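Those protein sequence lines, which keep their order, are chains F and C. Convert by adding 335 to the 1-based position in the first sequence; the result is the number in my numbering. Convert by adding 1 to the 1-based position in the second sequence; the result is the number in my numbering. Where a beta carbon is used, it is the ideal one built from N, C-alpha and C, also for glycine. Remember, predicted model here, so these are calculated numbers, not experimental data. Before any comments, here is the structure.
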Amino acid sequence: MQFSAYVAKPPERCREIIDKQGVTAGKGMALFRSADAQKLFQIMRLTAIILLASTISVTAKAYSQTFSLSFRNASLEQVFQSIRKQALKQQSQLAFSYYQEDIQGLTTSVEIKGAGITETLNECLKGLPLSFTIENNIISLKRKSTPALNEAQQDSTVTVKGLILNENNEPLVGATVSVKGKTLFVTTNESGIFQLNEILSGSEIVISHVGYSTEVIKIKDKLYIKLSLKLNVANLQDVSVVYNNGYQGVAKDRATGSYDFVDRKLFEREVGPDVISKLDGIASGVFFDKRAQTGSLFDNGVNINNMSIRGISTIESNATPLVVVDNFPYTGDPNNINPNDVESITILKDAAAASIWGTQAGNGVIVITTKKGALNVPLKVTFNANFSIQKPSNPFKSPNFLGPADYVTAEKFLFSQGDYDGILVDPTDPAVTPVVEILSQERNGTITADQANAQIDALTTHDVRNDELKYFLRDRTSQQYAVNLAGGSSQATYYLSVGYDKINSQAVADGIDRFTINSYNTYRPIKNLELTGNISYTQSNGANYSTIGSVSNLYPYAQVADAQGNPLPVVTGYSAAFAQSAVQNGYLNWQDYPLQELRDRSNQTISKSIDNRFVGGAKYTFMPGITADISYQYEYGTSQNNTLNTVDSYVARNEINEYTDFSGSNEFPIPIGDILNTSNGTTLSQDGRGQINFNKVIGMSELTAIGGGEVREVKVDGQSNILYGYSHQLGTVQPVDYVDYFQLYPSGNYQTVPFNTQVSETLNRFTSIYFNGSDTYRGRYTLSASARKDAANVYGVNANQKGTPLYSLGGGWKISNEPFYHVKAISFLNLRATFGYSGINPAAFALPIISYSSVGSYFTNLPYANVSSPANPNLIWEKVSQINLAVDFSSFKQIISGSFEYYRKHSTNLIGPAPLDPTTGFSSIDENSANIKGDGVDLQLNTKNIQGRVSWETNLIISYNKSKVTKYIGYSYNSNAPIASDYVGAAQGIAPKNGIILESVYAYKWEGLDPATGDPQGYYQGKVSKDYEDIMNDSIRNLVYKGSAIPLYFGSIRNAFGYKGFSLSANIAFRFAYWFQRPTISYSAFYQGLEGATSSGANIDFDKRWQKPGDEKLTTVPSMNYPADQTRDMFYANAEPNFLKGDNVKLQDIRLAYQLDNKIRRFGFSRIEVYGYVRDLGVLWRANREHLDPDYLGIPPAKTFSFGIKGVF
Amino acid sequence: MKMAIGKYVVLLAVSFGLVFTGCKKYLAANSNISNQVPTTAGDLQALLNRFLFDSPTPIIASDDYFLQYSGWSSMYSIFDQMNYLWDANTPDEGSWAVAYNYIENYNTVLDNINNVSLGDSSAGALPRIKARALFLRAYTFLNLVQVYTKGYDSATAKGDLGICLRTTSSATASSIRATMEETYNQIINDFKTAAVSLPVTEQFSTTPTKVAAYGALARVYLSMSDFVNAKAYADSCLTYNSNLIDFNTLDSNSRYSSPTPQLNPEIIFYTEINGSEVLKSSRALVDSNLYSSYDFNDLRRPMYFRSSSLGGFTFNGSYSHEQSANVFDGIAVDEIYLIRAECEARTSEGYLSGMDDLNTLLKTRWLNTVPFPTFSATSADDALMQILIERRKELLFRGQRKSDLERNNLEPQYAVTLSRDLNGVVYSLPANDLRYAYLIPENVIALGGIVQNPR
């Protein structure tokens, strides 16, 4: 709680900080008298609920202080400083408020002892043309005017106080309040409150704030003003931005490190249920690798696991950035955070910014700051509701599925080659597609060729993808509702929010919902003590029905329903004849009815996750600028996954039947009943922290420092279980013989009943001490330093290496504040440079570790262990060093502003596998064996193209990152020297190699198809070759290097337009300089799919295959060969034709909103916004001619349309 | 001001001190319950409880089966395809690393045996655990010998290439190929040392026993053609366990005839080979001449074989409970009877007792509704020939064939040339060919700096 008041020249002339002691030392609350407060309350709505009358009275301690001074011809500044210090020693703060020009060059001689403040000041100012007033410990000095005028003024002066709010009716900090025609300024404090003394009645006061439209108000009487400033649509980079690094707030203008700040407006632009995916395309240096899209319905595969900040920093260890909520690492699933609770997000990118998080920061840190209440603000209710809809993925667009005609062609071919002969007579009756059955009957002479063709033709008029669309897929919809209440009295603040999100997946019967409650309260029971309590609760429930996936993998002419929509059986697992005869042999029905299962929900996974978080903290202010706080976080999350296969499900019937052999003695060892698979996990994390904060202005220096220690523990438990003979109605299970072996039918294998009870437990402990400090001198030069030492129970690492010390240094220079700086066009220019280290949590062990298997030994079920890694006691922690050089700039009136950052990252001691003679028992050993060097640039450019009634603003983000492996000795597990096949491809996590980009794309050199056979041809030893084995084992030097698998350049350009209440913005994302590998046909995989009566391994390239001489001029897809040759398939899949340039530009989203303002005030709303949002509008440009989206090699997502309303009252 | 700062520096220091008091203990907590430094006898026993899978190569390399072209070409592994044809330049990629990983476990047990506490275990546990580790290591060494070396020839054993006798868990120790003599000495000594401390019976037949050690020694001595010692250990083994299953008690009409392994009284030590797609019953067929050599009243005929849709017959008779490719290759009583019978026949005055042993075995294999045609021999050679034929017929798919071939090939009268016919192309493996010793994987040669098998 601080108050700032100072008198200054207009900014363009005021280059000297006059005296900011007042800013840090003033007592804002003390200014607020109860009389004024009462007046304030009358104005405010709904105050009765929360506000308590202010009981704090002014204690003008300064009047009881005594001062001793002894100066001779000293400058007034010197004298004032001495007075302040003496006041401080007597537990009081004094602020001097004056106009620099007024005291310029004035000196005084004074000699007093034990005098009161008034006497002291009179003595000091004796003979000088200055007068002073003291109010609320602020000593205001001004030039003496002519007595007549002075009197006239005094007669009609008033004191103006007020509260300035932002567009959301929250206190606006740092708004400038000035008197028109005068040079008197004050700024609003943390509670948005200001006070102007001795204003001539009738003056106009001007209230302004960067990013807001300026208001002018005429003063008539002593007055209280409450005013909401309107957001200037052409909003600017906010100069009063405070970055939160999780330990402290860092004022943007004094920060040396590299932070990326996403404010609420930008964050809330996108409609979505999760937090992390919203950072895609709006934060610089943040990249989402969309090749591996695994995630929940909340994030659609864009989540923390495929996110990287400034490139990849590690090889084997955990590569995900650290997520921090407010002050503590967030252990749970980030999808449990309600995005409507997020105030802002700070991304810590370089060492100076992130090093405070030590060994957890090597991959960057995302600090999520949640919304909170504020002191002396009335209750404000904010709500947001929206609805989104998206068409389902069209299975006809899948490249990995072949229609009935092609599939039958392949089946006939394999049949003619005798491939099915073994399967058709296999005593275990494996699944055979209807077409193969028909072909077999034709061959046996049971039916004629004409009959066979007619039957096949009839079958193949059906396409299972139509069934999928008709019965299994639907429009995906999602709904979001959020309400929050925020406000505060003079002693307490509160924030309470409730959120509900519900997603109905495109898969019929699948969906997830999430309910969140979050409260954040602060309370000041006594002076100087602030208590904080934050409780949040998230519960999410999901349902997943697994048959949809298997339907899309069926043979393409499978029919799941008849014309009337009655479920039909499909062939899976066993031949149709076998499955049909099961019932008459005493077994349960062995046929698979996917549609019936969907309708009965007989194969459903219900997941439930609960996340509780409690944060408590206490902060005590010992004296202004010195505080100490302790805080504690307790986070407890549980997750539960229950897969219930009812006795009607194919899975359960199959398992029950399999264990039954009527010819043997085992009849239903798995009882006839439901089978319930349960798995539970709990995560308990506890964090404790003690910290001392130091914040002082000493002379011309603004010193900020923190130091502290913390302890952190994360305990993860897991359990899983299978229950047989489960009855949902009775809640009972039946005992099962897990010990005896049963001979399975029809496979004949001996097996015990699956037991699958697993228990796991991990415990990670960390202790740290840290220090972080910065000093800004004369408002121009900033120096920062940090140091941290981390230790962890990384089991096995030698004790003396358990700790790792890390540090950072940084400097900043605000050139535009220099007296010599006169470049008008660039009104703000700031240089920053940092260097430092952060670390990465190791994932390797150094002592001989035996690893217990969670299941019993094969055959005996005895507990067993294995030596899981060879001993390496020399392992040390991975380190990431980073140099960051940056320039921030802004033009006159901030029409153009932005920043340019260059960084060099060097990850050393990376733990990776080094090849080992397998005779040791291991093929590799974990060593500190790798280094990565990355260079990059982050550029941000914001322009205000048009301002006024119509506004147009552009934000451009461009990031460049190129990470090279500078050392790597761990080659593939099977060979000592890298061979070509280890490096081809563009899959994630390909083997790194010295001197190349971390994820490089290599391809086999291509020499077209053999005109005679349609075989793919490559090169071996400089000659055209079809010896794929040799080509694959060749040196990697003979591969064709394509480039990076990750875009070297990426970013986005966002244009925002405003007109009256309308705002329209569009975000275009681009990714350049990279390559991707498209999927193609692998005959060996396809044949395996065909043999199993599934569509797996299919690919539409089959259609383009070489079929006759001459085709090699038209296609690169090899001919269908028999038997399939895996090496031929692998060669072709990784040959040049299947690598394409990934460069693309996409229209990521468009948002249109309309804000209703004053018209709705009389209904109690202060603001309402209705908005529409469309995402994934499509690819605007792409380098590949095949019309492929490198992010989605399967089915690209359809557009999502969202509509919503949000408002405040 | 200075004083004030000083005060807080002290406070800071105290709080740091608090954080790090007891830090060592706090950070000593185990991070994952699955990960343990072996500290108790139970931990060491757990390292031995991992099921031992043997290399399939001794069976793949043998003439117990053959593939048709369609079966051969439908295999996805080029290594399997090449190894089936005894390709001179294809190394056995898998067996080495798998076997030495087991050996690393056993060496970890042996290296830590004196450093662990008893924990929950009884007082006698540690010597028994040590004996088990020695047994399992020797057994795994023996399996490696069967893949990567040629047969034991006492005339050249001092100079022949053996395997790497790794006896330490340290990853930094270098690898050296021992001679065949050293290799066999190590294996024999380990088995002998183990036999002293091993109990006669165990709950599970996967746990080594004294009987198993004697059986293994009989096997080792036989492969060295040391018939005196082989007979002595076979004797000792059979003293403890001479159970034979009467095949008449099995249901040959059952779709699957093999008795479950735990219930099989013949089993002395249970191991399986690591299944290979080469040996899948849908692919691997048995030679029709071999099949027809079984008498109609020989119950092994219906028990061991079933007709295959591919034409001919496929093997069905493993003591393994897996019908697929994981066949039993452990030690069983029938094998020990055959070892003793052969040794007796090899020593001229004992061939009649050899025939007695053979009859004891075959009686249990014969249909009991017809009179058993007692086998008799006119000479030691006759006896030996009959015993060797029955050994071949009894121990089909048991992993002993390659070793038998190597041993017998040293005697010209028993030497055979193996051949594979693939789509009309005949690949053959003459007696004593260098290819009996499979190539060691290239990375082992390069990283371990050891000598490759000659070609």
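Residues bridged to residue i (per DSSP)
i: residue 273 of chain C; result: C:54, C:329
i: residue 1259 of chain F; result: F:1250
i: residue 1277 of chain F; result: F:1232, F:1290
i: residue 1009 of chain F; result: F:1061
i: residue 1056 of chain F; result: F:1013
i: residue 678 of chain F; result: Beta-bridge pairing links residue 678 of chain F to no other residue.
i: residue 459 of chain F; result: In DSSP, residue 459 of chain F forms no bridge with anything.
i: residue 1410 of chain F; result: F:1476
i: residue 958 of chain F; result: F:961
Interface partners of residue i on chain C, CB under 7 Å
i: residue 1100 of chain F; result: 27, 28, 30
i: residue 1088 of chain F; result: Within 7 Å Cβ-Cβ: nothing; residue 1088 of chain F doesn't reach chain C, min ~14 Å.
i: residue 1462 of chain F; result: 79
Top-ranked residue by Cα proximity to residue i, from the options
i: residue 62 of chain C; options: C:400, C:332, C:441; result: C:400
i: residue 1088 of chain F; options: F:699, F:1357, F:1096, F:1077; result: F:1077
i: residue 913 of chain F; options: F:839, F:768, F:1003, F:1102; result: F:768
i: residue 828 of chain F; options: F:615, F:859, F:807; result: F:859
i: residue 121 of chain C; options: C:40, C:58, C:366; result: C:40
i: residue 346 of chain C; options: C:226, C:206, C:425, C:92; result: C:226
i: residue 706 of chain F; options: F:812, F:782, F:599, F:713; result: F:599
Contact list for residue i against chain C, beta-carbon separation under 9 Å
i: residue 761 of chain F; result: 283, 310
Interface partners of residue i on chain F, CB under 9 Å
i: residue 136 of chain C; result: Within 9 Å Cβ-Cβ: nothing; residue 136 of chain C doesn't reach chain F, min ~16 Å.
i: residue 97 of chain C; result: 1253, 1254
Listed by chain order, chain C residues near residue i by CB distance under 8 Å
i: residue 1097 of chain F; result: 32, 33, 34
Amino acids of chain F, ordered along the chain, whose beta-carbon sits closer than 7 Å to that of residue i
i: residue 449 of chain C; result: 1252, 1254
i: residue 250 of chain C; result: Under the 7 Å cutoff, chain F gives no residues; its nearest Cβ is about 15 Å from residue 250 of chain C.
Check: Looking at chain C, which residues of the region 698-714 of chain F have a Cβ within less than 7 Å of any of its Cβ atoms?
Finding: Here the close residues number zero.
Notebook entry, point to check: Relative to chain F, which residues along the region 157-172 of chain C have a C-beta separation below 8 Å, given in chain order?
Noted result: Result list: 165, 167, 170, 171, 172.
Note to self: With three or more beta-carbon pairs closer than 8 Å as the criterion, would you say the region 1046-1056 of chain F touches the region 1006-1018 of chain F?
What the structure shows: Yes, the region 1046-1056 of chain F touches the region 1006-1018 of chain F.
Margin query: I want to know whether the region 1207-1216 of chain F touches the region 1260-1277 of chain F - three or more CB-CB distances under 8 Å.
Written below: The region 1207-1216 of chain F, when compared against the region 1260-1277 of chain F, does touch it at the 8 Å Cβ threshold.
Note to self: For the region 300-319 of chain C, list every residue whose C-beta sits within 7 Å of some C-beta in chain F, in sequence order.
What the structure shows: Residues of the region 300-319 of chain C with a Cβ closer than 7 Å to any Cβ of chain F, in chain order: 310, 311.
Note to self: Quick check: the region 796-807 of chain F against the region 728-743 of chain F, are at least 3 beta-carbon pairs closer than 8 Å?
What the structure shows: Yes, since at least three Cβ pairs between the region 728-743 of chain F and the region 796-807 of chain F fall closer than 8 Å, the two stretches touch.
Next item on the list: Closer than 9 Å, Cβ to Cβ, to anything on chain C: give me those residues from the region 1184-1203 of chain F, in chain order.
Entry: Listed in sequence order: 1184, 1185, 1186, 1187, 1188, 1189, 1191, 1192, 1193, 1194, 1195, 1197, 1198, 1199, 1200, 1201, 1202, 1203.
Next item on the list: Assess, as a yes-or-no matter, whether the region 1383-1397 of chain F is touched by the region 1280-1291 of chain F under the definition of 3 or more beta carbon pairs within less than 8 Å.
Entry: Segments in contact, yes.
Note to self: Count Cβ pairs between the region 944-956 of chain F and the region 867-876 of chain F that sit closer than 8 Å; are there 3 or more?
What the structure shows: Remark: three or more beta-carbon pairs, one from each stretch, lie closer than 8 Å, so the region 944-956 of chain F and the region 867-876 of chain F are flagged as touching.
Margin query: Against chain C, which members of the region 1156-1175 of chain F pass a CB distance test of less than 8 Å?
Written below: Cβ contacts with chain C come from no residue of the region 1156-1175 of chain F.
Margin query: Any C-beta of chain F within less than 8 Å: which residues of the region 436-447 of chain C qualify?
Written below: Within the region 436-447 of chain C, the qualifying residues are 442, 443, 444, 445, 447.
Checklist line | Cβ contact (3+ pairs, closer than 8 Å) linking the region 656-667 of chain F and the region 1346-1364 of chain F | finding: As far as the Cβ criterion goes, the region 656-667 of chain F does not touch the region 1346-1364 of chain F, which means the pair count is below three.
Margin query: Along the region 34-64 of chain C, where does the CB come closer than 7 Å to a CB of chain F? Name the residues.
Written below: Interface annotation for the region 34-64 of chain C against chain F: 34, 35, 36, 37, 38, 39, 44, 47, 48, 50, 51, 52, criterion Cβ-Cβ distance under 7 Å.
Notebook entry, point to check: Taking one C-beta from the region 203-216 of chain C and one from the region 161-173 of chain C each time, how about it: are there three or more such pairs within less than 8 Å?
Noted result: The answer is no - the region 161-173 of chain C does not touch the region 203-216 of chain C, with fewer than three Cβ pairs under 8 Å.
Checklist line | Cβ contact (3+ pairs, closer than 8 Å) linking the region 333-341 of chain C and the region 390-397 of chain C | finding: Flag = yes, the region 333-341 of chain C and the region 390-397 of chain C touch.
Check: Taking any Cβ of chain F, which residues in the region 203-231 of chain C have a Cβ under 7 Å from it, in chain order?
Finding: For the region 203-231 of chain C, which is checked against every Cβ of chain F, the residues closer than 7 Å are 205, 207.
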